[in-house]
Amino acid sequence: MKIETLMKQGILIVRLKGEFDIESTNDFKKSIDNALNTNETKDILLNLQEVSFIDSSGLGVILGRYKNINLLGGQIVISNINPKIKKVLELSGFEQIMQIAETEEEALALFN
Amino acid sequence: MDNNKDRQDIVKNKAIMSLLSVNENVVLARIAAASFAARLDLTVTDIDEVKVAISEAITNAIIHGYQGKAFKDETNEENLVEFTMILYEDRIEYVIKDFGIGIDDIEQVRKNKAVKGADRMGLGFVFMESFMDKLEIKSKLYEGTEVILTKNIKKMSQTED
Numbered sequence: 001m002k003i004e005t006l007m008k009q010g011i012l013i014v015r016l017k018g019e020f021d022i023e024s025t026n027d028f029k030k031s032i033d034n035a036l037n038t039n040e041t042k043d044i045l046l047n048l049q050e051v052s053f054i055d056s057s058g059l060g061v062i063l064g065r066y067k068n069i070n071l072l073g074g075q076i077v078i079s080n081i082n083p084k085i086k087k088v089l090e091l092s093g094f095e096q097i098m099q100i101a102e103t104e105e106e107a108l109a110l111f112n
Numbered sequence: 113m114d115n116n117k118d119r120q121d122i123v124k125n126k127a128i129m130s131l132l133s134v135n136e137n138v139v140l141a142r143i144a145a146a147s148f149a150a151r152l153d154l155t156v157t158d159i160d161e162v163k164v165a166i167s168e169a170i171t172n173a174i175i176h177g178y179q180g181k182a183f184k185d186e187t188n189e190e191n192l193v194e195f196t197m198i199l200y201e202d203r204i205e206y207v208i209k210d211f212g213i214g215i216d217d218i219e220q221v222r223k224n225k226a227v228k229g230a231d232r233m234g235l236g237f238v239f240m241e242s243f244m245d246k247l248e249i250k251s252k253l254y255e256g257t258e259v260i261l262t263k264n265i266k267k268m269s270q271t272e273d
């Protein structure tokens with residue numbers, strides 16, 4: 001899985017591309033934690049547009065970041081859930097826990 | 113009736129993989145599973161769901177069954193996940209077998225109550241149950257776990273024999 005990070009309006013935008021399973025969990029954790037430290041932000045926008053596959057390992061590590069960020073007083077918003085991963089996200093109950101937006105623009109507007 | 117039953121239990125194709133307990137083999141197994149199902153009358157969504165279920169079962173074998181270890185501590189013996197795919201007239205069976213620590217209380221695990229470590233959701237069996245037509249789990253403590261995932265398929269159009 002490819003992980004692209006950039007800053008916009010003080011928010012860390014993370015764009016993922018490829019298959020998100022157990023093999024990518026460590027890379028994901030490291031990239032996010034490094035980017036949060038380097039950019040001194042607590043807010044993440046996670047764009048899943050190009051994620052072609054996700055299982056409970058991928059969801060678990062996103063949930064882990066969500067918990068950490070919450071403790072720090074930050075916010076995480078997920079955007080661009082594509083049809084290939086929609087059902088997995090629905091079943092996981094993520095939509096009840098996290099803020100979800102259709103697009104990055106909509107997601108940016110949800111940050112306090 | 114008997115004749116019908118026999119026919120449904122005729123093996124039409126079979127593939128067996130023996131996978132070292134490493135994370136890289138999760139993708140290998142799910143691609144094989146998708147490929148095994150690809151020529152049948154299943155939708156793209158069906159195949160995507162099979163991939164999730166297989167991914168969960170193989171990940172469980174590696175992470176829980178073998179505790180994330182490719183080799184046994186004492187003997188340095190390989191920890192292998194046995195992955196068997198069997199095509200019958202009316203269904204595909206995927207059998208995922210490890211010889212690891214086993215599950216103490218299968219019902220607890222199935223109900224998503226047992227495993228909730230850091231960064232893990234305990235959703236594996238929920239996905240397996242939701243995305244497949246049947247889920248069977250057999251396990252013995254310190255002997256291993258066998259998970260059988262079944263996906264029903266529509267009768268294939270074929271010439272009568």
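Chains S and B are the protein sequences, given in the same order.
Numbering-wise (the numbering used here), the first sequence opens with residue 1 and increments by one.
Numbering-wise (the numbering used here), the second sequence opens with residue 113 and increments by one.
Even glycine gets a Cβ: it sits at the ideal position worked out from N, Cα and C.
Computed from a predicted structure; not experimentally measured.
Counterpart residues of residue i in DSSP-defined beta bridges
i                : result
Glu104 (chain S) : Paired residue(s): none; Glu104 (chain S) is not in a bridge.
Met197 (chain B) : B:Ala127 and B:Tyr206
Val14 (chain S)  : S:Thr5 and S:Leu46
Asn264 (chain B) : B:Arg203
Leu192 (chain B) : B:Leu132
Ile249 (chain B) : B:Val259
Glu19 (chain S)  : S:Phe53
Gln99 (chain S)  : S:Val77
Inter-residue Cα distance where the pair is residue i and residue j
i                : j                : result
Asn82 (chain S)  : Val51 (chain S)  : 8 Å
Leu192 (chain B) : Ala182 (chain B) : 8 Å
Asp160 (chain B) : Ala173 (chain B) : 20 Å
Thr41 (chain S)  : Val14 (chain S)  : 13 Å
Glu219 (chain B) : Arg142 (chain B) : 25 Å
Leu253 (chain B) : Glu90 (chain S)  : 33 Å
Ile3 (chain S)   : Phe28 (chain S)  : 7 Å
Ile22 (chain S)  : Gly64 (chain S)  : 14 Å
Leu247 (chain B) : Glu190 (chain B) : 27 Å
Lys263 (chain B) : Met244 (chain B) : 5 Å
Ile249 (chain B) : Ile76 (chain S)  : 36 Å
Ala230 (chain B) : Gly18 (chain S)  : Legend: pLDDT at Ala230 (chain B) = 49, less than 50; position of this residue unreliable, no value from coordinates given.
Asp210 (chain B) : Leu48 (chain S)  : 33 Å
Glu106 (chain S) : Gln9 (chain S)   : 13 Å
Asn80 (chain S)  : Phe94 (chain S)  : 14 Å
Glu194 (chain B) : Glu255 (chain B) : 14 Å
Gln96 (chain S)  : Ser31 (chain S)  : 26 Å
Glu258 (chain B) : Gly236 (chain B) : 15 Å
Lys126 (chain B) : Leu199 (chain B) : 6 Å
Thr155 (chain B) : Ala149 (chain B) : 10 Å
Tyr206 (chain B) : Leu36 (chain S)  : 41 Å
Ile69 (chain S)  : Gly60 (chain S)  : 14 Å
Ile208 (chain B) : Glu136 (chain B) : 16 Å
Val188 (chain B) : Glu102 (chain S) : The question names Val, yet the displayed sequence has Asn at residue 188 (chain B). Their Cα atoms are separated by approximately 49 Å.
Ala165 (chain B) : Glu186 (chain B) : 32 Å
Ala226 (chain B) : Met240 (chain B) : At Ala226 (chain B), the pLDDT of 48 sits below 50, so the modelled position is not reliable and the matter cannot be decided from this model.
Leu110 (chain S) : Asp121 (chain B) : 55 Å
Ile175 (chain B) : Lys223 (chain B) : 19 Å
Gly177 (chain B) : Asn112 (chain S) : 43 Å
Leu152 (chain B) : Glu201 (chain B) : 10 Å
Gly214 (chain B) : Lys87 (chain S)  : 29 Å
Glu104 (chain S) : Asn26 (chain S)  : 25 Å
Arg119 (chain B) : Ile265 (chain B) : 14 Å
Ser133 (chain B) : Thr157 (chain B) : 28 Å
Glu168 (chain B) : Gly58 (chain S)  : 11 Å
Arg203 (chain B) : Ile170 (chain B) : 20 Å
Partners in chain B for residue i, counting only beta-carbon separations shorter than 8 Å
i               : result
Glu19 (chain S) : Val139
Glu23 (chain S) : Asn135, Glu136, Val138 and Val139
Val88 (chain S) : Val164 and Phe239
Buried or exposed by the 16-neighbour rule on C-beta atoms within 10 Å, applied to residue i
i                : result
Glu272 (chain B) : Because Glu272 (chain B) carries a pLDDT of 44, less than 50, the predicted location of this residue cannot be relied on, and the following value inherits that uncertainty. Answer is exposed; the Cβ neighbour count stays below 16.
Asp43 (chain S)  : buried
Tyr66 (chain S)  : buried
Ser147 (chain B) : exposed
Ser130 (chain B) : exposed
Met197 (chain B) : buried
Lys124 (chain B) : exposed
Gly74 (chain S)  : buried
Leu72 (chain S)  : exposed
Asp55 (chain S)  : buried
Ile128 (chain B) : exposed
Lys163 (chain B) : buried
Neighbouring residues, chain B, relative to residue i (Cβ below 7 Å)
i               : result
Lys84 (chain S) : Asp160
Contacts that residue i makes with chain S (C-beta to C-beta distance below 8 Å)
i                : result
Leu235 (chain B) : Ser56, Leu59, Gly60, Leu91 and Ser92
Glu190 (chain B) : Correct list: empty, because the minimum Cβ distance to chain S is about 19 Å.
Glu168 (chain B) : Asp55 and Ser56
Thr171 (chain B) : Asp21, Ile22, Asp55, Ser56 and Ser57
Proximal chain S residues relative to residue i, where beta-carbon distance stays under 7 Å
i                : result
Ser242 (chain B) : Leu91
Interface partners of residue i on chain S, CB under 9 Å
i                : result
Ile175 (chain B) : Ile22 and Ser57
Thr257 (chain B) : None at all; the shortest Cβ gap to chain S is about 17 Å.
Output the residue ranges of the alpha helix (DSSP H) runs that lie fully inside the region 34-97 of chain S and measure 4 residues or longer, sorted by chain position.
As for any alpha helix (DSSP H) of minimum length 4 sitting wholly inside the region 34-97 of chain S, the runs are 56-71, 83-92 and 94-97, ordered along the chain.
Start-end ranges of the alpha helix (DSSP H) lying completely within the region 133-187 of chain B, minimum 4 residues:
The qualifying runs are 136-150 and 156-172.
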